[in-house]
Amino acid sequence: MIRPIPVDESGFTVSADPQNPGGFVVRGVRPERWIRQTNFENDEAVGYLGDRLARLGVEDELLKLGAEPGCAVTIGDMTFDWEPQTPAGVDVTMSGRGTDARIDKTDRVGAAERRQARRVRRGQVEPE
């Protein structure tokens, strides 16, 4: 099987933005296509874009070049304030997309607890 030799494994470049001091420009076929495809009014779509860019290595490259949270990053014709997905010093909590264990905590009484309380009220079991 013959395969072409890749010229640039990453598929993108990150450089300082000459028009915006402290900003960066990301160039590449995939990142620019992903920007065009993203509906920025949909939070989940923006999160998915961030995941894809991080998986590609854009976030790591920005950190390597000295990007700080809040600096301007331009990809294609979109400029936005960059926020790293995992700020330094914050523990990563693994959860599914759209969920956050830190927020989803609840004080609601579950079915098993209600059933136990009902048995105690009826005198079927001793209170714990």
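Residue numbers (the numbering used here): -17 to 110.
Ideal Cβ positions, reconstructed from N, Cα and C, are used throughout, including at glycine.
These figures come from a predicted structure and were not determined experimentally.
| Query | Result |
| --- | --- |
| Going by the CB atoms, is the gap between Val7 and Phe(-6) shorter than 7 Å? | no |
| DSSP state of Tyr(-16), grouped into three classes? | Residue identity differs from the one stated: residue -16 is Ile in this sequence, not Tyr. Correct three-state label for Ile(-16): coil. |
| Straight-line CA distance for Thr61 to Val55? | 6 Å |
| Rounding to the nearest angstrom, what Cα-Cα distance links Pro93 and Thr81 in this structure? | Looking at the sequence itself, residue 93 is Ala, so the reference to Pro does not match. Their Cα atoms are separated by approximately 22 Å. |
| Rounding to the nearest angstrom, what Cα-Cα distance links Gly4 and Ala49 in this structure? | 8 Å |
| Leaving aside the five residues before and after Ala36 along the sequence, list all residues of the same chain whose C-beta is less than 7 Å from its C-beta, in chain order. | Gln67 |
| For Asp42, which three-state DSSP category applies? | helix |
| Residue range of the beta strand (DSSP E) that Val8 falls in? | 6 to 9 |
| Contact check, Val91 vs Leu47 under 8 Å by CB: the rounded distance? | Going by Cβ atoms, the distance from Val91 to Leu47 rounds to 52 Å, so no, they are not a contact pair. |
| Going by the DSSP bridge assignment, what does Thr(-5) pair with across the sheet? | Arg9 |
| Who are the Cβ neighbours of Gln106 in its own chain at under 8 Å, not counting the five residues just before and after it? | none |
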